[in-house]
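Numbering (UniProt numbering), first residue to last: 1 to 184.
Have a look at the structure below before the remarks.
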Amino acid sequence: MNAQLSQAPKRINPTSGQTGRAENQKHYAANYSTPDTDNQYLSFSICRQAAHGKWESIHRALGIQLASTSHTKHTACQGCGGKDRFRVLPDYANTGKWFCGGGGDQQSGDGFSLLGHVFGWTPQEQLKAVADYLGLSTLDNKERDKIRAIAEKQAKNLLAAIAKKDEQARRDSVTEQSPLTQTH
């Protein structure tokens, strides 16, 4: 197969005329242009858990320079070239979630899909790039299971904290509405 055909398409930013990759990050295009078929343990779920809370640094390292990580600020989109149609969502730091108005062709997604939006990478290329940045590509199954267990424990603790807050809010609302606590 021709090596040029296996390369990820390079999306050119119409505003700057550049490919969107920082000059010092060009090696990523070569390294992440083909799926990692040798590593049977690489999965989105493991990678997503390991990337939780690290999306800003992941995107910067891979060549996406966001003007703002405030969800209230609309900025230029490196993917489509729009001047004010892009913004990150409130949980961007944790999930990488973003939104682009796209001139009527709205798009949104997680941290992986932003790599596809900006660089035109396939899901396999997105996974490999993030996994390599996080150092997951060299882990064996035992190490990945350890990471998965830690992530599952963190998720369980987060759900417990949410349930506790929900229960407290429920109790507070019942107390406020109780006819016994109202004064006339």
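Built from N, CA and C at the ideal position, the CB exists for glycine as well.
Since the model is a prediction, treat every value here as computed from it, not as a measurement.
Check                                                                                                                                                            : Outcome
Give me the residue from 67, 143, 119 and 55 with the minimum Cα distance to residue 97.                                                                         : 55
Work out the CA separation of residue 169 and residue 105 for me, nearest whole Å.                                                                               : 39 angstroms
Taking Cβ to Cβ, would you say residue 62 is nearer than 9 angstroms to residue 163?                                                                             : no
Which partner residues does residue 87 have in the DSSP bridge list?                                                                                             : 99
Just verifying my parser: in three-state terms, what is the DSSP assignment at residue 108?                                                                      : strand
Hey, residue 86 and residue 101: beta-carbon distance below 9 angstroms or not?                                                                                  : yes
Taking only the alpha-carbon atoms, compute the straight-line gap between residue 42 and residue 142 and give it to the nearest angstrom.                        : 12 angstroms
Hey, out of 83, 82, 60 and 70, whose CA is closest to residue 92's CA?                                                                                           : 70
Let's test the definition: count the other Cβ atoms within 10 Å of the Cβ of residue 88 and tell me whether it reaches 16, buried, or not, exposed.              : buried
Give the C-beta separation of residue 136 and residue 46 to the nearest angstrom, bearing in mind that I take them to be a contact with Cβ-Cβ under 8 angstroms. : 7 angstroms
Please look up how many angstroms separate the CB atoms of residue 133 and residue 58, rounded, as I've assumed it's under 8 angstroms.                          : 6 angstroms
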